[in-house]
Amino acid sequence: SSTTAAATSTKKNSSLSSRLSQELSDLRDANTNPNAVRRFKLHRSIGTNGIVFIQFNETGLPPPLEVVLTILNDAIKAKSCKARWITRIIPVETSCPSDIEAIRKTAEKIVDKHFSLPEKKDDNIKGKKKFFAVDYQHRACSRKLDRMEVINAFANKISQPAYVVNLKTPDRTILVEVIKNNCFVCVVRDYQKLLKFNLQRLVEREIENED
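Counting from 94, one number per residue, gives the positions in the sequence shown under my numbering.
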């Protein structure tokens with residue numbers, strides 16, 4: 094039933110939030126205890142101020158996107174941002190070198206995984222379209238990349254008109270972040286609705302709506 098489904102979802106989110114809290118505690122312990130188990134590892138990239146990478150060290154951990162969504166939804170529910178110095182959290186599904194040929198190969202794998210052709214029973218057959226967008230950002234990039242060439246590396250591989258470009262209200266957004274010599278990619282839903290995963294703005298919106 095829908096009630097059971099809601100209860101299961103709430104329990105799952107609560108469980109994941111508890112695990113995240115435990116992980117934060119473990120990270121603090123790791124700073125003082127060299128023998129502590131580190132499920133996550135922090136990387137600070139030289140030349141990219143304000144960016145921290147978090148590596149998932151163990152198998153069996155929730156995928157990065159699930160973790161990010163849990164953090165965002167927890168902030169929305171609490172109307173409070175527990176991470177004072179974090180503005181945005183961007184999940185990474187896969188990565189590759191930041192040259193256009195490597196990006197094209199990665200795009201092919203991503204599109205095959207997330208943008209399969211609709212079956213006859215799909216809503217597209219009934220006249221409903223699925224919308225997508227490619228959000229490309231770059232910083233401290235040592236290689237010169239053409240913005241539209243990177244975007245089209247993904248967009249041109251997606252079957253159209255089964256999927257239609259919609260930059261304002263896409264169902265799915267392909268996040269492409271080129272940082273120095275690497276390209277990081279993830280496919281997400283509700284990216285615009287969740288204010289581009291901006292923690293601070295999400296909390297501000299909830300507080301404003303409450304008033």
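We treat Cβ as the ideally placed atom computed from N, Cα and C, and that holds for glycine.
Which whole-angstrom value is the C-beta distance of residue i and residue j, which I expect to be below 8 Å?
{"i": "residue 200", "j": "residue 250", "result": "6 Å"}
{"i": "residue 203", "j": "residue 257", "result": "About 18 Å separates the two Cβ atoms, so there is no contact after all."}
{"i": "residue 48", "j": "residue 229", "result": "In the structure as shown, the chain starts at 94 and stops at 304, and residue 48 therefore has no counterpart that could be examined."}
{"i": "residue 293", "j": "residue 174", "result": "6 Å"}
{"i": "residue 223", "j": "residue 303", "result": "Not confirmed; about 33 Å, so no contact."}
Closest to residue i by CA distance: which of the options is it?
{"i": "residue 282", "options": "292, 276, 268 and 230", "result": "268"}
{"i": "residue 289", "options": "302, 240 and 227", "result": "227"}
{"i": "residue 221", "options": "169, 140 and 264", "result": "264"}
{"i": "residue 147", "options": "154, 136, 141 and 153", "result": "136"}
{"i": "residue 194", "options": "298, 244 and 138", "result": "244"}
{"i": "residue 181", "options": "204, 191, 170 and 162", "result": "162"}
{"i": "residue 295", "options": "132, 145, 131 and 165", "result": "165"}
{"i": "residue 141", "options": "257, 248, 293 and 232", "result": "232"}
{"i": "residue 255", "options": "197, 230, 208 and 238", "result": "208"}
{"i": "residue 138", "options": "241, 234, 280 and 262", "result": "234"}
{"i": "residue 191", "options": "292, 241, 275 and 299", "result": "275"}
{"i": "residue 206", "options": "247, 170, 238 and 242", "result": "247"}
{"i": "residue 299", "options": "253, 260, 170 and 149", "result": "170"}
{"i": "residue 150", "options": "252, 297 and 133", "result": "133"}
{"i": "residue 312", "options": "144, 225, 197 and 176", "result": "The chain is shown from 94 up to 304; residue 312 falls before or after that span and cannot be answered."}
Apply the 10 Å Cβ neighbour rule to residue i and answer buried if 16 or more other Cβ atoms are within range, or exposed otherwise.
{"i": "residue 64", "result": "In the structure as shown, the chain starts at 94 and stops at 304, and residue 64 therefore has no counterpart that could be examined."}
{"i": "residue 95", "result": "Confidence at residue 95 is low in this model, with a pLDDT of 34, below 50, so its placement is unreliable and the value that follows should be read with caution. It is exposed - the Cβ of residue 95 has fewer than 16 other Cβ atoms within 10 Å."}
{"i": "residue 178", "result": "exposed"}
{"i": "residue 168", "result": "buried"}
{"i": "residue 262", "result": "exposed"}
{"i": "residue 266", "result": "buried"}
{"i": "residue 278", "result": "buried"}
{"i": "residue 210", "result": "exposed"}
{"i": "residue 287", "result": "buried"}
So that I know if they touch, is there some Cβ in chain B lying closer than 8 Å to that of residue i?
{"i": "residue 156", "result": "The structure shown contains no chain B, having only a single protein chain."}
Is there contact between the stretch 155-162 and the stretch 184-194, where contact requires at least three CB pairs shorter than 8 Å? Contact holds: three or more Cβ-Cβ distances are below 8 Å.
Entirely within the stretch 181-236 and at least 4 residues each: give me those alpha helix (DSSP H) ranges in chain order. Counting only runs of 4 or more, we get 193-207.
Along the chain, which unbroken stretches of the beta strand (DSSP E) at least 3 residues long are found entirely within the stretch 233-275? Runs of the beta strand (DSSP E) inside the stretch 233-275: 256-258 and 265-272.
As an exercise, report each continuous alpha helix (DSSP H) stretch of at least 4 residues that is fully enclosed by the stretch 143-178, in chain order. With a minimum length of 4 residues, the unbroken runs of alpha helix (DSSP H) contained wholly in the stretch 143-178 fall at 157-171.
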